[in-house]
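Number of protein chains: 4
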Amino acid sequence: MAKQISQRRRQAQLRRQQLIDAALHQFGEKGYDGASIRDIARAAGVTEALVYHYFRNKEHLFEEVIKARSFAPILRRVLDEAGDTHPAEVLRTVLQEFIDLMYHNAPMARMFITEFLRHPVCARYFRAMVEDNTANLTRYLQEQQQRGVFRVDMDAEAVAGMLLGMAFALFFAWGQAPEREWHQRRDKFLQYTVPVVLEGIWAKSAPPDHT
Amino acid sequence: MAKQISQRRRQAQLRRQQLIDAALHQFGEKGYDGASIRDIARAAGVTEALVYHYFRNKEHLFEEVIKARSFAPILRRVLDEAGDTHPAEVLRTVLQEFIDLMYHNAPMARMFITEFLRHPVCARYFRAMVEDNTANLTRYLQEQQQRGVFRVDMDAEAVAGMLLGMAFALFFAWGQAPEREWHQRRDKFLQYTVPVVLEGIWAKSAPPDHT
Amino acid sequence: MAKQISQRRRQAQLRRQQLIDAALHQFGEKGYDGASIRDIARAAGVTEALVYHYFRNKEHLFEEVIKARSFAPILRRVLDEAGDTHPAEVLRTVLQEFIDLMYHNAPMARMFITEFLRHPVCARYFRAMVEDNTANLTRYLQEQQQRGVFRVDMDAEAVAGMLLGMAFALFFAWGQAPEREWHQRRDKFLQYTVPVVLEGIWAKSAPPDHT
Amino acid sequence: MAKQISQRRRQAQLRRQQLIDAALHQFGEKGYDGASIRDIARAAGVTEALVYHYFRNKEHLFEEVIKARSFAPILRRVLDEAGDTHPAEVLRTVLQEFIDLMYHNAPMARMFITEFLRHPVCARYFRAMVEDNTANLTRYLQEQQQRGVFRVDMDAEAVAGMLLGMAFALFFAWGQAPEREWHQRRDKFLQYTVPVVLEGIWAKSAPPDHT
DNA sequence: GATGAATGAGCCTTCATTCAT
DNA sequence: AATGAATGAAGGCTCATTCAT
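Here the protein sequences come in this chain order: Y, P, A and H. Convert by adding 43 to the 1-based position in the first sequence; the result is the number in the numbering used here. Convert by adding 43 to the 1-based position in the second sequence; the result is the number in the numbering used here. Convert by adding 43 to the 1-based position in the third sequence; the result is the number in the numbering used here. Convert by adding 43 to the 1-based position in the fourth sequence; the result is the number in the numbering used here.
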């Protein structure tokens, strides 16, 4: 009997996740208003009423979708694992991970982008994410600054925001383009654009020997 | 009689514009799906049916809103008038105009952002706008490059995209923040971030004496 | 000046007729509810408002359409001109005229049929028409009956109703069929069916030598 | 539990029928365009939305109404049960049943008549019905013809069409008249008109002894 | 846990009609 | 004579949500 209960619970957990996944895709493709509960339910292969069995209402479901799949933890890990490779390499990797993360989670990214400007909940999470990432990147830049890698007068936070902003803009503008074009833009961004930016912040006494 | 007709026509023109304005605001605040024809009509102080007297349907109204208020012409003017001031100054001005333009037309900017990912029409116009602006800025950068101001190996298009992208990301992330914060971010961007970027593209033989 | 006025009047008369024609076709094709004032106006190449300049409202326009094009006068003429040809020939001609009249004025006929069951005005006119025609045909049959052509116990009115009813049913059921089929049905009706009916009403003493 | 489910199903079945009935009456009285979903829902005592729970849209509801209540099966039964009574009696009975069937299902009959000329679906069903009935009656007439009851040169199909057409025209023209008048017309038709028609098709060698 | 019946509110759109010009 | 601006009502349909089963 306990087994049955735990099985039920597992089944419930599964359903819940299934619904969140379906909702994520629908919201991502059609937006909050554009995606109906019916759409979501059908995409998950269940009845509309069942959605209300798991989530109080559409708003709540939306919040759960946001909570369940934040970028933040993933990105933090990436940054933490940076280690002590050459900063140029590290930053390029970080931005690459960031860009690819958005690209491979396009539905969610789209949802965040489109609903950020309307949905307070979404805005809150999005901002938290941005701040989290910026803070992490800022911290890293400051560490390197103190080690003499970057100019003393560098504004670490501004640079962090600039780098992430550029990456974000890249995804926004071209994330939906045909795959080939997207890859071209992405590669040029990582190989050419980022280094150009870094040019302005290296400490002069320590000329970089980056690739 | 001719006068009467022209008056009627003027009145009609006015109404049309009035409706487009109202629609712009409603779409900007609530998105395409979220803004109902009723909302728009009420905001313009007329009946729903009148909206259909001027526009075939919601889709068409939306297109008219987009067409009627494209950034492109405004931006082009700004860039064309750049003249021959110091490039650093020019670029700062251009970006400032760009940012302020978005900020002062926030409802439309928001609409473009949120509907870009869903509405083909919007996407088309948005992309045209991006390309137009990038092309203009690219051209300017190339001119300066040929005059020896910028490095020979500078990729003008990539730099143009980077600058505009950063500006866009700035607006996206902070355009809705409290006014004071917005202004701080904006100013820091123009006074600090942009120069940092430029640092990487100046021709070495011609050290800039920018502010 | 008088000329101008009369010209205007003629123009007005023309427009009126034009509108009635357009309305007839629209009502015939789409029914009273299905045909909108806009449809009618467009079909006549004028503005909706002009329809209201000539007719108080849709109902009135409908009535005018019905009044303006009653079958009755046409049919009466046909019957009056019957003269003294052989009755079988006369009846066949009468029915043929009746059928062809409906077929060549299909839009109006359709309108009468479909609106008869709903629209009191239409019902009144239709019934008047039916009664008029039946009365005429009945009178003719009675005259021939008194001349010894038809059986003494023939119920002239019943026979008249039966003949016209059959013709009507023919048009109703097949009037929309492909033209070839329609013509086949029509011809068989006139050449075979009608004579069969007459068989039952000839006076026995006077065997007919019809074709 | 199975009981509960079946009860629910029964309830649903009931609702469905209820809606079809309501729709039938509304369509019959006001026509397809004239009868709104609101009308139908109110007549059935439910919300408009529930109509859409049972039927995909108005068109579908209309089709279901037509399918659910076709004359065809009823008429076929009547004809099949004809047995071997005297043909005059059989035919009179058949036509009487046909007429009464229309009269007692006046709303649907009216709907068929008015929508036949506009609605393809209705036209299809109506035509099938006509052909089915005509075919049955034709077959019966041919059987009797082979047994020597009717003239050798009788065109069974034409006669069948004629008889049913007359009956239809009778209903069309007078089915809405005051009840007394209707009954008079109906009785005269069955007792006088039909025999007159038959007069023309009896085989001469076998003089009928009908009433 | 899961379903289908049921609802009230709202949406986009069309319609018949009026009025100033 | 003719038009276009303007409206209130209604129509078909969808949606988020509840409830009994």
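Cβ atoms here follow ideal geometry from the backbone N, Cα and C, with glycine treated the same way. Here the structure is a predicted model, which is why all the values come from computation and not from measurement.
**Asked** To the nearest angstrom, how far is it from the Cα of L241 of chain P to the Cα of D76 of chain P?
**Response** Answer to the nearest angstrom: the Cα atoms are 41 Å apart.
**Continuous beta strand (DSSP E) assignments of at least 3 residues falling wholly in the segment 157-204 of chain H** = none
**Item:** Cut-off 7 Å between Cβ atoms - residues of its own chain near L138 of chain P, not counting five sequence neighbours on either side
**Value:** L206, A210, L233, V237
**Request:** Express the C-alpha separation of F105 of chain H and Q187 of chain H in angstroms, rounding to a whole number.
**Result:** C-alpha separation (whole angstroms): 39 Å.
**Prompt:** Does any CB atom of chain P fall closer than 8 Å to the CB of L57 of chain Y?
**Reply:** no
**Request:** Please confirm if T157 of chain A has its CB atom under 8 Å from at least one CB of chain H.
**Result:** yes
**Prompt:** Can you check whether the CB of L184 of chain A is closer than 8 Å to the CB of V173 of chain A?
**Reply:** no
**Prompt:** Going by other Cβ atoms of all chains shown within 10 Å of its Cβ, with 16 needed for buried, is R81 of chain P buried or exposed?
**Reply:** exposed
**Request:** Find the residues of chain Y that neighbour R223 of chain P, judging by a C-beta separation of less than 9 Å, and give them in chain order.
**Result:** The contacting residues do not exist; R223 of chain P stays about 17 Å from chain Y at best.
**Counted within 10 angstroms of its Cβ, other Cβ atoms place N179 of chain H as buried (16 or more) or exposed** = buried
**Asked** Cα-Cα, which of H:A166, H:R51, H:F70 is closest to M151 of chain H?
**Response** H:F70
**Message:** Beta carbons nearer than 7 Å to chain H: which residues of the segment 159-171 of chain A have them?
**Reply:** L160, R161
**Request:** Would you list the one or two residues that DSSP bridges to W217 of chain A?
**Result:** Within the DSSP bridge table, the entry for W217 of chain A names no partner.
**Request:** Classify T157 of chain Y as buried or exposed, calling it buried when 16 or more other Cβ atoms lie within 10 Å of its own Cβ.
**Result:** buried
**Request:** Under 6 Å Cβ to Cβ from A111 of chain P, same chain only, skipping five residues before and after it: list those, please.
**Result:** I63
**Prompt:** Are there 16 or more other CB atoms within 10 angstroms of the CB of P130 of chain H, so buried, or fewer, so exposed?
**Reply:** buried
**Request:** Give me whichever residues DSSP pairs with W245 of chain Y in a beta bridge.
**Result:** Y:F193
**Asked** Can you find a CB in chain H that lies within less than 8 Å of the CB of M151 of chain A?
**Response** no
**Prompt:** In angstroms, rounded to a whole number, what distance separates the CA positions of V195 of chain P and A246 of chain P?
**Reply:** 7 Å
**Message:** Quick test of your reading: G243 of chain A and V192 of chain H, contact by CB under 8 Å. State the CB separation rounded to the nearest angstrom.
**Reply:** 16 Å between Cβ atoms; not a contact.
**Asked** How big is the Cα-Cα spacing for Q189 of chain Y and H162 of chain P?
**Response** If you take the alpha carbons of Q189 of chain Y and H162 of chain P, they lie about 47 Å apart.
**Request:** Could you tell me whether the Cβ of K101 of chain P comes closer than 8 Å to any Cβ of chain Y?
**Result:** no
**Prompt:** Can the beta-carbon of M154 of chain P be found closer than 8 Å to that of G218 of chain P?
**Reply:** no
**Asked** What separation, rounded to the nearest whole angstrom, lies between the Cα atoms of I109 of chain P and E102 of chain P?
**Response** 11 Å
**Message:** Give me, in chain order, the residues of the same chain whose beta-carbon lies closer than 6 Å to that of R228 of chain A; leave out the 5 immediate sequence neighbours on both sides.
**Reply:** Around R228 of chain A, the same chain offers W217 as residues with beta carbons nearer than 6 Å, after the five sequence neighbours per side are excluded.
**Asked** If we count the other Cβ atoms within 10 Å of its Cβ and call it buried at 16 or more, is N176 of chain P buried or exposed?
**Response** Answer is buried; the Cβ neighbour count reaches 16.
**Prompt:** In whole angstroms, what is the alpha-carbon distance linking S49 of chain H and R52 of chain Y?
**Reply:** 30 Å
**Asked** Quick one: does M181 of chain P have its CB under 8 Å from some CB of chain Y?
**Response** In the sequence on display, residue 181 of chain P carries Thr and not Met. Chain Y, which has no Cβ nearer than 8 Å to the Cβ of T181 of chain P, makes this no.
**Request:** Ignoring anything shorter than 3 residues or poking outside the segment 76-139 of chain A, list the beta strand (DSSP E) runs there in chain order.
**Result:** none
**Request:** Compare the C-beta of L213 of chain P with all C-beta atoms of chain Y and state if any pair is closer than 8 Å.
**Result:** yes
**Message:** Taking CB distances under 8 Å as the criterion, tell me whether Q219 of chain H reaches chain A.
**Reply:** Closer than 8 Å: yes.
**Prompt:** Should A171 of chain A go down as buried or exposed, given a rule of 16 or more other Cβ atoms within 10 Å for buried?
**Reply:** Exposed: under 16 other Cβ atoms inside 10 Å.
**Prompt:** When the Cα of R88 of chain Y is compared with those of Y:E132, Y:Q60, Y:D123, Y:G204, which residue comes out closest?
**Reply:** Checking the sequence, you will find Gly at residue 88 of chain Y rather than Arg. Just measuring C-alpha positions, the residue of Y:E132, Y:Q60, Y:D123, Y:G204 sitting nearest G88 of chain Y is Y:Q60.
**Request:** Thinking A86 of chain A and A65 of chain A are a contact (beta carbons under 8 Å), I'd like their distance in whole angstroms, please.
**Result:** So it is a contact: roughly 4 Å between Cβ atoms.
**Request:** Would you mind telling me which residues of chain H sit closer than 7 Å to T236 of chain A, beta carbon to beta carbon, in chain order?
**Result:** Chain H residues near T236 of chain A: A201, M205.
**Asked** Applying a beta-carbon distance threshold of less than 8 Å, which residues of chain Y neighbour V173 of chain P?
**Response** A216
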